Amino acid sequence: QESVSIPVPPIIREKDRELIRTREVQIFEATVPDQGGVMHDVLFHKASMSDQKGALTGIIGIMLDITDRNAVQQTLAENEAYIRTVLENLPLGVAVSSLSASEGVWYYNRNFLKYYRVSEASLRKFENFWEAAYPDPEQRTGIRTRILADIASGDPGRMYWEDIPLSRDGEETTYISAMNIPLSERG
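Our numbering puts the sequence shown at residues -18 to 168.
Shown next as structure tokens:
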């Protein structure tokens, strides 16, 4: 019978010494080689074992190969960064939010702030956005009522609005077109 010796990485030896000293449960990740020398990302769960008198009798642990999981997480992070870069550089304003008055905007790009002429602070609660975007109470009530009714209809054909005026005292009125895309859940 042949035995294969795999070198134990220094981090594992250090963690074992720490576990013997502290006797605290350890959960950590390390990159270790397999028998063929291929490196793997491994999640370790380790604890000390004691006899009835409290004397250390050994170390017990579970190793879980998380190489594939980490690769998927890396791919997701890269995809998210790519999508964020695209959204940040679109020549239009984009925001993702709930219609709940108490919730804020989950995502927005700089052009959304620029075109609506609102601050980041106004996006913390959906209700604050209406006040910042439409400071005139009469205009705000009319636009808000129309937009929320169109959204409540569930008909995507009603969720596009052209030439909505954005008025500010002492500033030129600008006009925007807006579109809502209903999402079944926050993703």
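Glycine residues also receive a C-beta, built at the ideal position from the N, C-alpha and C atoms.
Computed from a predicted structure; not experimentally measured.
- Counting along the chain, the unbroken alpha helix (DSSP H) around Y97 starts and ends at 91 to 97.
- Residue state for V13 is assigned as strand, using DSSP reduced to three classes.
- Within 10 angstroms of the beta-carbon of F93 lie 16 or more other beta-carbons, which makes it buried.
- Between the segment 64 to 75 and the segment 42 to 49 there are fewer than three C-beta pairs closer than 8 Å, too few to call the two in contact.
- Within the same chain, and ignoring the five residues on either side of P14 in sequence, the residues whose Cβ sits closer than 6 Å to its Cβ are M20.
- With a threshold of 16 other beta carbon atoms within 10 Å, Y97 meets it and is buried.
- Counting along the chain, P(-9) sits inside no beta strand (DSSP E); it lies in the alpha helix (DSSP H) bounded by residues -9 to 3.
- Under the Cβ criterion (8 Å, minimum of three pairs), the segment 0 to 10 counts as touching the segment 24 to 37.
- Between I124 and N161, the C-beta gap is not smaller than 8 Å, which leaves the two residues out of contact.
- Here the C-alpha atom of R139 lies approximately 11 Å from the C-alpha atom of A159.
- Closest option to A114, judged by alpha-carbon separation, among R149, G42, Q7: R149.
- Residue state for P118 is assigned as helix, using DSSP reduced to three classes.
- Beyond the five residues adjoining it in sequence on each side, I43 comes within less than 6 Å, by CB distance, of H26 in the same chain, given in chain order.
- In the DSSP annotation of this structure, D32 is not part of any beta strand (DSSP E), being labelled neither H nor E.
- Judged by their CB atoms, I(-7) and A11 are nearer to each other than the 8 Å cut-off.
- Selection Y141, K34, V(-11), L164 evaluated against Q16 yields V(-11) as nearest (Cα-Cα).
- As DSSP reads the structure, A159 sits in a beta bridge with W142.
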